Structure formats: C-alpha cells, structure tokens
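Notes follow once the structure below has been shown.
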Amino acid sequence: MMPEQTHTLSIDTLVAVIGAGAMGAGIAQVAAQAGHPVKLYDNREGAAAQAIDTMAAQLNKLVARGKLTAEQRDAVLSRITPVDDIEALVDAKLVIEAIIENLDVKRSVLATLEDVCSDDCILASNTSSLSITSLAAGRRYPGRIVGMHFFNPAPIMKLVEVVSGLATDSNAASTVYDTALNWGKKPVHTRSTPGFIVNRVARPFYAESLRLLQEQASDCATLDALMRDAGGFRMGAFELTDLIGHDVNYAVTCSVFTAYYGDFRFQPSLIQKELVDAGYLGRKASRGFYHYGEATEQPLA
Ligand code: NAI
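Numbering (UniProt numbering), first residue to last: 1 to 301.
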C-alpha cells in the first residue's frame with residue numbers, strides 16, 4: 001500500500017515537470033501561474049532553460065498587449081527552475097511526465113522516479129494515448145500513477161483528462177482532479193482506454209482528412225478552410241496536426257491502431273509518416289503541411 005494521498009496540494013508544494021517540449025513547458029507555466037514552485041527537467045542538456053527563455057518571450061508579448069502585468073510575468077518565471085538532473089526532483093509531491101509518446105521510454109522514466117521521489121509523490125503522465133495500466137505495471141506503488149492529459153497549448157486549453165488505469169488509486173486520481181480544478185482547468189475523470197476520450201473521438205477527423213488528401217479530393221489549405229469556415233471547427237486537420245507535431249500525432253495514431261488490434265478506422269497515414277521521416281514535424285520544425293517563420297504559410301500539398 002502506498003501512503004495516503006491528500007486531496008489538495010498546498011500552494012507551496014513542489015511540482016515537477018519532465019520534458020521541456022511544447023507540453024511540458026506549457027504545463028510548468030500553468031502550475032507556476034497557480035502559485036506552485038516548479039522544477040522543469042529535460043534529459044537534453046540546456047533544453048529546460050531554453051524552454052523557459054521561450055516562455056519568457058511569449059509572456060513578454062502578453063505584457064506588451066496588456067493581458068499580463070510585468071509583476072505577474074516575473075512571478076511566474078521566478079517560480080520555475082530549470083534542471084538537467086532528475087535527482088533534483090527529490091522534493092516533488094506531484095511529477096507530471098510530458099516526454100516522448102513511447103511506452104518503454106515513459107516506463108523507464110517512471111522506474112527512475114520510483115528511486116528519486118518519496119513514496120507519497122503522485123506520478124502523473126501527460127500521455128495522449130498510452131495505457132495508464134501498462135505504465136503502472138511493475139511499479140512498487142502502481143496506485144499513484146495517473147493520467148493527467150492536458151491539451152495544446154496547455155496554458156490556454158481548459159480540458160484535462162484525468163485517467164485511471166486498473167491499479168490507479170482513487171485518492172491519487174481525486175488529488176490530480178482537484179489540482180487541475182485549482183489550476184483553473186476543467187478536468188474529467190476517465191478510465192484508461194486507447195486514446196482516452198478526446199484523442200479517440202479526434203482520430204477519424206485526422207484520418208478522413210488525410211484520406212481525402214491522399215485521394216486528391218482537394219489540397220490541404222482548401223480542406224482546412226472548409227472545416228474552419230463552413231464546418232465551424234476552430235482549426236482544420238492539417239493546421240491542427242502541424243500545431244500538435246506530426247511525430248506526436250503519428251505516434252498517437254500508431255498507439256491507438258495497435259491497441260485496437262489493427263482496426264482499419266485507426267490506420268496511420270503514409271502521408272503523415274513521410275512528414276515524420278522527413279523531419280517536417282509542423283510548427284516546431286517550421287515546416288509541416290505548411291511552411292512557418294520567414295516564409296508565408298504555403299501548403300506543401
Ligand atoms: P515534444 O517533442 O515537444 O517534447 C518532448 C520533450 O521531452 C523534449 O524536450 C525531449 O528532449 C524530452 N524528453 C524525451 N525523452 C526524455 C526523457 N527520457 N527524459 C526527459 N526528457 C525527455 O513533445 P510534446 O508535444 O511536448 O509531447 C510530450 C507528451 O505530451 C507526449 O506524451 C504527447 O503525446 C503528449 N501530448 C502532446 C500534445 C501535443 O499537442 N503536442 C497534446 C497533449 C499531450
């Protein structure tokens with residue numbers, strides 16, 4: 001039995017975030033905005049510090065637009081410490097892992113955390129699709145492993161899926177749920193199923209859009225504009241997957257496809273695989289279905 005979890009994390013509780021990519025940096029910002037001291041760790045040396053620089057630049061823009069005061073910006077940034085050594089997370093009571101979408105890599109990080117963190121520390125995963133049951137299997141206290149699935153961009157998107165695997169302790173899930181609420185989010189409890197709720201529902205949106213492109217029904221800019229302007233969607237599938245990152249979106253599709261024993265509905269797209277193989281990962285690589293940065297946004301297909 002793991003030690004009892006409390007339902008509320010006090011504001012001085014250290015929150016650790018692992019992975020300083022798009023999601024990890026955003027989650028660190030959310031926790032710091034709520035008032036927690038945060039440690040942001042990435043295994044790529046300097047990546048955490050770099051993510052905080054990027055965050056500062058984004059917060060500066062908000063200050064310039066009058067949406068944030070300079071004091072609020074400074075307070076958020078002062079609460080986040082970048083670290084390059086996982087041992088530095090020893091005092092955390094909530095760790096949120098937001099690294100690459102790969103079961104084995106995530107399992108190995110959780111195994112390391114078992115030795116680094118105290119036994120009452122909740123180990124949450126921001127996985128988009130992977131089984132929380134599998135992530136927890138073999139751990140000393142599998143009950144403390146919970147899905148805490150934020151959406152991109154984390155500081156803006158309200159929904160958080162709080163995902164329980166077979167072994168997840170209900171107190172740990174409730175603590176994560178209440179924490180998300182306290183952070184101004186709209187959490188929803190769900191059991192661990194492949195892709196959980198949103199990524200399951202969203203798969204056909206991406207898959208059918210990619211099939212339309214593959215069958216040359218139209219080009220991606222036209223299809224995006226149609227979904228946005230006529231369909232009322234916030235974004236079309238191509239601009240949205242460019243934002244998510246094709247490596248991430250493709251990995252999620254592969255994981256859901258495999259978990260459902262190769263169900264055709266979830267079949268990954270070769271067009272997206274080509275983008276991944278080419279390193280055209282979307283906005284973060286300045287190139288995906290569209291070009292970003294200096295050049296105007298020109299579709300590739
Ligand atoms: P990303 O590629 O932007 O960042 C991942 C970061 O993790 C990188 O900085 C990398 O250096 C670091 N990393 C990789 N292996 C590591 C390890 N063993 N230890 C420490 N750091 C490590 O990825 P992104 O988009 O932030 O996604 C991260 C997780 O969040 C994935 O599980 C993904 O499925 C999930 N997610 C992604 C969303 C999106 O729209 N991109 C939305 C919601 C969840």
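For glycine and all other residues, C-beta sits at the position ideal for the given N, C-alpha and C. Predicted, not measured: the structure shown is a model, and the values here were computed from it.
- Among the bridge pairs identified by DSSP, Glu161 is matched with His149, Val188.
- Distances from the CB of Arg44 to the heavy atoms of the ligand NAI include at least one below 7 Å.
- Within the chosen limit of 7 Å, the ligand NAI reaches the beta carbon of Val248 through at least one heavy atom.
- Counting C-beta atoms within 10 angstroms of its own C-beta, Thr54 has fewer than 16 neighbours from the protein chains shown and is therefore classed as exposed.
- Boundaries of the alpha helix (DSSP H) around Thr54: 47–64.
- Within the stretch 233–277, the runs of alpha helix (DSSP H) that reach at least 4 residues and sit entirely inside it are, in chain order, 237–244, 246–259.
- Taking all protein chains shown into account, Arg287 has 16 or more neighbouring C-beta atoms within 10 Å of its C-beta and is therefore buried.
- Counting the other Cβ atoms within 10 Å of the Cβ of Ser10 gives fewer than 16, which makes it exposed.
- The beta carbon of Ile18 sits closer than 7 Å to at least one heavy atom of the ligand NAI.
- Taking every protein chain shown into account, the CB of Glu87 has fewer than 16 other CB atoms within 10 angstroms, so this residue is exposed.
- Secondary structure at Tyr206: helix, using DSSP grouped into helix, strand and coil.
- Remark: C-beta atoms of Lys93 and Ile122 approach each other more closely than 8 Å.
- Collapsing the DSSP output to three states places Ile100 in coil.
- Within the chosen limit of 7 Å, the ligand NAI reaches the beta carbon of Glu101 through at least one heavy atom.
- Taking all protein chains in view, the Cβ of Thr8 is surrounded by fewer than 16 other Cβ atoms within 10 Å, so the residue is classified as exposed.
- In this structure, the alpha-carbon of Arg211 lies about 8 Å from that of Ser269.
- The criterion of a C-beta distance shorter than 8 Å is not satisfied by Ile99 and Val90.
- In the three-state DSSP reduction, Val176 falls in the helix class (H, G or I).
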